[in-house]
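Here is the structure we will look at.
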Amino acid sequence: MEPETSSVIIGSDHAAFALKETLKIFIEQKNIAVTDVGPHSADAVDYPDYAFLVAGAVSSGKYNRGILLCGTGLGMSMAANKFPRVRAALCNDLFSAIMSRRHNDANILVMGGRVIGDVLAKEIVSTWMETPFEGGRHQRRLDKFDDMGCPLNGLGIL
Ligand code: RB5
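Each residue of the sequence shown is one higher than the one before, starting from 0 at the first, in numbering that gives the first Met the number 0.
Here it is, written out as structure tokens:
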């Protein structure tokens, strides 16, 4: 299958710096342009700073796909999902990666460099890049939370 995008924006923290460097080369070999927001060394950094750079670029529509990497993937996915129109999916296994595209139209892939190895991470990236969104009833469900203000509005809670 062919990748669904010709460019991707990527960022990490120190815990997944080595994985970022490995994946950059791997993705570029697929003729996909990679924009690396950093970090550019393995020195300790704060993962939200890099989550915000990648998620901001996807939220604004400048990039349609992003990749975020930290130790577990948890912090990056929490930070990225603060942004409107960002659907960041933590996928440390292939099944989640496939379903995050088919059902959730995930636009940011998040992985944990301390959880998975390089070989699995490459497989996940390839699969995630190539798997299309199924639309239909899944689009209706995304519409219920995507691009809206506070999801509690209108539920009689606020
Ligand atoms: C850094 O030590 C670690 O907390 C970070 O990479 C990430 O796993 C956070 O969710």
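Glycine included, every Cβ here is placed at the ideal spot set by N, Cα and C.
CB-CB length for residue i against residue j, believed under 8 Å
i, j, result
"residue 110", "residue 91", "6 Å"
"residue 72", "residue 93", "No, residue 72 and residue 93 are not in contact; Cβ-Cβ is about 15 Å, not under 8 Å."
Paired residues, beta bridge with residue i - DSSP
i, result
"residue 35", "9"
Buried versus exposed call for residue i [16 or more other C-beta atoms within 10 Å across all chains shown]
i, result
"residue 135", "exposed"
"residue 64", "buried"
"residue 60", "exposed"
"residue 118", "exposed"
"residue 40", "exposed"
"residue 96", "buried"
"residue 100", "buried"
"residue 38", "buried"
"residue 66", "buried"
For the segment 45-88, which segments carrying the beta strand (DSSP E) assignment without a break, of at least 3 residues, lie completely within its bounds, in sequence order?
-> The DSSP assignment places complete beta strand (DSSP E) segments of no fewer than 3 residues inside the segment 45-88 at 65-69, in order along the chain.
So, do the segment 131-143 and the segment 8-27 have three or more beta carbon pairs nearer to each other than 8 Å?
-> Judged by Cβ distances under 8 Å, the segment 131-143 makes no contact with the segment 8-27, as fewer than three pairs qualify.
Segments of 3+ residues assigned as beta strand (DSSP E) that fall wholly inside the segment 86-130 = Counting only runs of 3 or more, we get 87-89 and 107-111.
The segment 113-132 / the segment 32-39 touching (three or more Cβ pairs under 8 Å) = Verdict: no, contact absent.
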